[in-house]
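Student:
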Amino acid sequence: MMLLGDLLHDLPGTRLRGPRRCSIQRVVLDSRMVQPGDLFAALEGERNNGKLFVDEAVHRGAVAVLSDPPKPPGCNSSVAWVECEHPRRTLAQMVRRLHGAPDARLSVVGITGTDGKTTTAHLLSSALFANGIPTAISGTLGQSFGRIGDGASLTTPEAPEIYAFLSEVEREGAQVAALEVSSAGLVADRTYGMRFVGAVLTGIGHDHLDLHGSQEAYLAAKRTLFEQLGASAFAVLPRDCPEYENFARAAACPKISFGLSEDADWRVVDHSSHIGGASFRLVGPDFEEEIHFDRPADWDALNLAAAVAAAAQLGADPSMAARGAAACPPIPGRWEVIDEGQPFAAIVDYAHTPQALERALRQLRGMNPSRVILVFGCGGDRDRDKRPLMGRIAAELADLVILTDDNPRQENPEQIARETAVGLREGHAEWQRIASRAEAIAHAVAQAQPGQALLVAGKGHETWQEIGHRREPFDDREVLAEALRTVGARS
73 MMLLGDLLHD
83 LPGTRLRGPR
93 RCSIQRVVLD
103 SRMVQPGDLF
113 AALEGERNNG
123 KLFVDEAVHR
133 GAVAVLSDPP
143 KPPGCNSSVA
153 WVECEHPRRT
163 LAQMVRRLHG
173 APDARLSVVG
183 ITGTDGKTTT
193 AHLLSSALFA
203 NGIPTAISGT
213 LGQSFGRIGD
223 GASLTTPEAP
233 EIYAFLSEVE
243 REGAQVAALE
253 VSSAGLVADR
263 TYGMRFVGAV
273 LTGIGHDHLD
283 LHGSQEAYLA
293 AKRTLFEQLG
303 ASAFAVLPRD
313 CPEYENFARA
323 AACPKISFGL
333 SEDADWRVVD
343 HSSHIGGASF
353 RLVGPDFEEE
363 IHFDRPADWD
373 ALNLAAAVAA
383 AAQLGADPSM
393 AARGAAACPP
403 IPGRWEVIDE
413 GQPFAAIVDY
423 AHTPQALERA
433 LRQLRGMNPS
443 RVILVFGCGG
453 DRDRDKRPLM
463 GRIAAELADL
473 VILTDDNPRQ
483 ENPEQIARET
493 AVGLREGHAE
503 WQRIASRAEA
513 IAHAVAQAQP
523 GQALLVAGKG
533 HETWQEIGHR
543 REPFDDREVL
553 AEALRTVGAR
563 S
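Position one of the sequence shown corresponds to residue 73 (my numbering), numbered consecutively onward.
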């Protein structure tokens with residue numbers, strides 16, 4: 073709890089209208105969650121404007137309201153109004169103060185990139201735990217540290233949720249926090265003003281153009297994480313990425329690179345893989361270690377290299393970090409092999425971007441199956457430009473493509489399928505449309521023969537199918553396993 077005047081002291085671009093000495097218990101963005109003593113942040117959202125819900129927030133006991141001008145209706149004379157030019161930036165700075173600035177004591181590492189954020193965060197955590205450095209994680213799979221854990225609603229949650237988590241894990245003994253930082257979170261200023269001791273870029277591809285409007289704007293959003301780093305921080309960057317120099321210029325701190333090329337500081341060498349794993353040498357400054365990893369993809373080897381590079385910057389022994397990362401427990405929905413005794417490979421992967429789908433299919437192709445079967449779809453209310461791209465990639469790299477639904481949300485799923493099919497028609501693969509995802513998976517399993525490979529892509533860890541405004545229970549892994557068992561029982 074803090075006095076509102078203390079929360080706002082010296083924050084640029086803010087004016088306090090009304091009572092100054094009210095005590096603030098929490099800062100809340102959802103009017104339905106307001107309790108007596110809370111400050112309600114009336115922000116402009118994707119679908120709603122928070123100013124429309126000030127009446128409800130005040131009725132529930134809000135003692136202050138934060139917004140840009142003009143003053144919201146319902147903010148009466150008994151309620152303090154925090155007028156600010158940049159409400160989200162003010163929000164982030166206020167909740168940081170309210171929670172005692174836990175990022176000033178924790179070593180917070182931001183992990184961004186089009187793909188690989190979740191895997192890299194978990195590999196970093198395992199690398200650090202192997203060195204006796206307790207590490208918390210916040211990202212796509214939720215927030216976790218020891219017994220503290222929940223499913224976050226966003227890859228990068230809103231600032232009140234992030235700081236509440238950081239404050240709690242600091243009290244529980246965490247020394248490091250690995251935060252997945254999305255481009256959406258960056259443009260929404262959810263981590264504005266946060267102290268990062270380091271940042272990792274996993275790579276850059278095509279995604280979220282529905283939000284950013286252009287690839288240039290997407291890159292600019294990602295760069296802000298590195299522009300936020302102080303001189304004593306570190307930046308871990310992918311040496312083989314075309315945007316390496318762009319991000320290296322953005323970071324005014326030491327840069328550490330990883331990759332396959334000779335000039336990377338941390339290199340993956342002699343990578344060889346099979347369906348269940350890989351072997352390679354990790355070579356770093358005065359370091360070389362043979363790695364046996366249960367993830368076959370070369371991009372996961374690069375994620376491990378990035379994690380070890382970051383761990384070394386945080387004081388970890390590289391050898392212990394590499395072994396710890398290699399022993400990381402399976403990450404849900406990331407190249408998850410489903411084995412029900414069937415005579416063909418069956419894999420679920422979160423690949424939902426063009427580059428991730430291409431990587432997954434090329435990885436599968438490299439294992440020389442006699443045929444590759446792909447089940448996938450594109451999400452609704454998301455980047456439409458990537459639909460034909462993903463269709464073309466599917467048709468070029470798979471032999472049989474079953475185009476199905478994947479979280480259509482508010483869009484007509486048939487329209488999504490038509491846009492994806494534009495790319496499918498450019499390739500050589502046989503393809504068909506089965507709208508029901510469960511039926512599509514069952515059909516794919518029925519088509520698969522010994523020595524072939526089946527990839528179900530796009531949803532990975534998700535346990536729902538989002539249709540309209542509702543989420544219906546659905547898990548690719550469970551549905552695929554059940555289909556495999558059913559076929560096995562019939563044979």
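Beta carbons are placed, not taken as given, at the ideal position from N, Cα and C, and that holds for glycine.
Can you give me the C-alpha to C-alpha distance between residue 500 and residue 434, rounded to a whole angstrom?
Tutor: Indexing the sequence shown from 1 puts residue 500 at position 428. Indexing the sequence shown from 1 puts residue 434 at position 362. So the two alpha carbons sit approximately 16 Å from each other.
Student: Specify the secondary structure class of residue 111 as computed by DSSP and reduced to three states.
Tutor: Residue mapping note: residue 111 aligns to position 39 of the sequence shown, counting from 1. In the structure shown, residue 111 sits in a strand (DSSP, three-state: E or B).
Student: Do the CB positions of residue 79 and residue 96 come within less than 8 Å of each other?
Tutor: What you label residue 79 is simply residue 7 of the sequence shown in a count that begins at 1. What you label residue 96 is simply residue 24 of the sequence shown in a count that begins at 1. The beta carbons of residue 79 and residue 96 sit closer together than 8 Å.
Student: How big is the Cα-Cα spacing for residue 126 and residue 149?
Tutor: In the sequence shown, counting from the first residue as 1, residue 126 sits at position 54. In the sequence shown, counting from the first residue as 1, residue 149 sits at position 77. Approximately 13 Å between the Cα atoms of the pair.
Student: What does a CB cutoff of less than 7 Å around residue 144 pick up in its chain, not counting 5 residues either side in sequence?
Tutor: Locating residue 144 in the sequence shown gives position 72, where the first residue counts as 1. Cβ neighbours of residue 144 beyond the five flanking positions: 114, 123, 126 and 137.
Student: Here's a check: name, in chain order, each residue in its chain whose Cβ is nearer than 8 Å to the Cβ of residue 441, leaving out the five neighbours to either side.
Tutor: What you label residue 441 is simply residue 369 of the sequence shown in a count that begins at 1. Within the same chain, residue 441 has close Cβ partners 416, 417, 523, 524 and 525.
Student: What three-state label does DSSP hand residue 476 in the structure shown?
Tutor: As a first step, residue 476 is located in the sequence shown; it is residue number 404 there, counting from the start. Reduced to three states, the DSSP call for residue 476 is coil.
Student: Give me the DSSP bridge partner(s) of residue 295.
Tutor: Looking up residue 295 in the sequence shown gives position 223. Answer by DSSP bridge pairing: none, since residue 295 is not bridged.
Student: Give the secondary structure of residue 288 by DSSP, where H, G and I count as helix, E and B as strand, and everything else as coil.
Tutor: Within the sequence shown, residue 288 is the residue found at index 216, counting from 1. Residue state, collapsed to three classes: helix.
Student: Should residue 373 and residue 346 be called a contact, given that it needs their Cβ atoms to be closer than 8 Å?
Tutor: Stepping through the sequence shown from its first residue, residue 373 is reached at position 301. Stepping through the sequence shown from its first residue, residue 346 is reached at position 274. No.
Student: For residue 399, collect the residues of the same chain with a Cβ closer than 7 Å to its Cβ; drop the 5 residues on either side in sequence, then sort them by chain order.
Tutor: Within the sequence shown, numbered from 1, the residue matching residue 399 stands at position 327. So the list reads 198, once near-sequence residues are dropped.
Student: Hey, would you say residue 330 sits closer than 8 Å to residue 369, going by beta carbons?
Tutor: Mapped onto the sequence shown, residue 330 falls at position 258. Mapped onto the sequence shown, residue 369 falls at position 297. Against a cut-off of 8 Å, the Cβ pair of residue 369 and residue 330 comes out as no contact.
Student: So for residue 526, helix, strand or coil by DSSP?
Tutor: The residue labelled residue 526 in the question sits at position 454 within the sequence shown. The answer is strand: DSSP assigns residue 526 an E or B state.
Student: Check whether the stretch 241 to 250 touches the stretch 171 to 178, counting contact only when three or more Cβ pairs, one atom from each stretch, lie closer than 8 Å.
Tutor: yes
Student: Report yes if the C-beta distance between residue 237 and residue 271 is below 8 Å; otherwise report no.
Tutor: If you number the sequence shown from 1, residue 237 lands on position 165. If you number the sequence shown from 1, residue 271 lands on position 199. Result no, Cβ atoms of residue 237 and residue 271 do not sit closer than 8 Å.
Student: Within the continuous alpha helix (DSSP H) that includes residue 372, where are the two ends?
Tutor: Taking the first residue of the sequence shown as position 1, residue 372 is located at position 300. Membership of residue 372 in the alpha helix (DSSP H) is indicated by the continuous run 370 to 385.
Student: Look up residue 403 in the DSSP assignment and say whether it is helix, strand or coil.
Tutor: Taking the first residue of the sequence shown as position 1, residue 403 is located at position 331. Residue 403: coil per DSSP, three-state reduction.
Student: So the candidates are 334, 472, 178 and 402; which of them puts its Cα closest to the Cα of residue 366?
Tutor: Translated into the one-based positions of the sequence shown, residue 366 becomes position 294. It is 402 whose Cα lies nearest to the Cα of residue 366.
Student: Could you name the residues of the same chain whose beta carbon sits closer than 6 Å to that of residue 364, not counting the 5 residues immediately before and after it, in chain order?
Tutor: On the sequence shown, position 292 is the one that residue 364 refers to. 351.
Student: Terminal residues of the continuous beta strand (DSSP E) containing residue 346?
Tutor: As a working note, residue 346 is residue 274 in the sequence shown. Taken as a continuous stretch (DSSP letters only), the beta strand (DSSP E) holding residue 346 covers 338 to 346.
Student: Just to confirm my understanding: we take residue 539, look at its own chain, exclude 5 residues before and 5 after, and list those with CB closer than 7 Å. What are they?
Tutor: Within the sequence shown, residue 539 is the residue found at index 467, counting from 1. Only 480 meet the Cβ criterion.
Student: Between which residues of its own chain and residue 392 is the CB-CB distance below 7 Å, once the five residues before and five after are set aside?
Tutor: Against the sequence shown, residue 392 aligns to sequence position 320. Excluding positions up to five away in sequence, the list reads 202 and 203.
Student: Going by the DSSP bridge assignment, what does residue 121 pair with across the sheet?
Tutor: In the sequence shown, residue 121 corresponds to position 49, counting from 1. DSSP lists 116 as partners of residue 121.
Student: Counting Cβ pairs, one atom from each stretch, are 3 or more of them under 8 Å apart for the stretch 421 to 435 and the stretch 506 to 523?
Tutor: no
Student: Give me the residue from 544, 384 and 335 with the minimum Cα distance to residue 313.
Tutor: Working through the sequence shown from its first residue, we reach residue 313 at position 241. When each option's Cα is compared against that of residue 313, the closest is 335.
Student: What residues match up with residue 88 in a beta bridge as DSSP calls it?
Tutor: Start at 1 with the first residue of the sequence shown, and residue 88 comes out as number 16. Looking at the DSSP assignment, residue 88 forms a beta bridge with 154.
Student: Considering only their Cβ atoms, is the gap separating residue 134 from residue 110 smaller than 8 Å?
Tutor: Counted from its first residue, the sequence shown places residue 110 at position 38. Counted from its first residue, the sequence shown places residue 134 at position 62. Yes, the Cβ-Cβ distance between residue 110 and residue 134 is below 8 Å.
Student: Per DSSP, residue 353 forms a beta bridge with which residues?
Tutor: Within the sequence shown, the letter at position 281 stands for residue 353. Paired residues: 341 and 362.
Student: Return the first residue and the last residue of the alpha helix (DSSP H) that residue 396 is part of.
Tutor: Residue mapping note: residue 396 aligns to position 324 of the sequence shown, counting from 1. Counted as a single uninterrupted DSSP element, the alpha helix (DSSP H) harbouring residue 396 occupies residues 390 to 398.
Student: What residues in its chain sit with their C-beta under 7 Å from that of residue 333, if we drop five residues either side in the sequence?
Tutor: Translated into the one-based positions of the sequence shown, residue 333 becomes position 261. If we look at residue 333 and ignore the five residues flanking it on each side, its Cβ neighbours are 311 and 312.
Student: Where does the unbroken alpha helix (DSSP H) through residue 465 begin, and where does it stop?
Tutor: Position 393 of the sequence shown, counting from 1, holds the residue named residue 465. Counting along the chain, the alpha helix (DSSP H) containing residue 465 begins and ends at 458 to 469.
Student: Just verifying my parser: in three-state terms, what is the DSSP assignment at residue 135?
Tutor: Locating residue 135 in the sequence shown gives position 63, where the first residue counts as 1. Residue state, collapsed to three classes: coil.
Student: Are residue 376 and residue 444 close, meaning C-beta to C-beta below 8 Å?
Tutor: Position 304 of the sequence shown holds residue 376. Position 372 of the sequence shown holds residue 444. No, the pair does not count as a contact, with Cβ atoms beyond the cut-off.
Student: Check residue 560 in the structure and name its three-state DSSP category.
Tutor: Within the sequence shown, residue 560 is the residue found at index 488, counting from 1. Note: residue 560 maps to helix in three-state DSSP.
Student: Looking at the secondary structure, which residues open and close the beta strand (DSSP E) in which residue 272 lies?
Tutor: Position 200 of the sequence shown, counted from the start, is the residue given in the question as residue 272. Taken as a continuous stretch (DSSP letters only), the beta strand (DSSP E) holding residue 272 covers 270 to 273.
Student: Give the single residue among 349, 328 and 348 whose Cα lies nearest to the Cα of residue 357.
Tutor: Against the sequence shown, residue 357 aligns to sequence position 285. Of the residues 349, 328 and 348, the one whose Cα lies closest to the Cα of residue 357 is 328.
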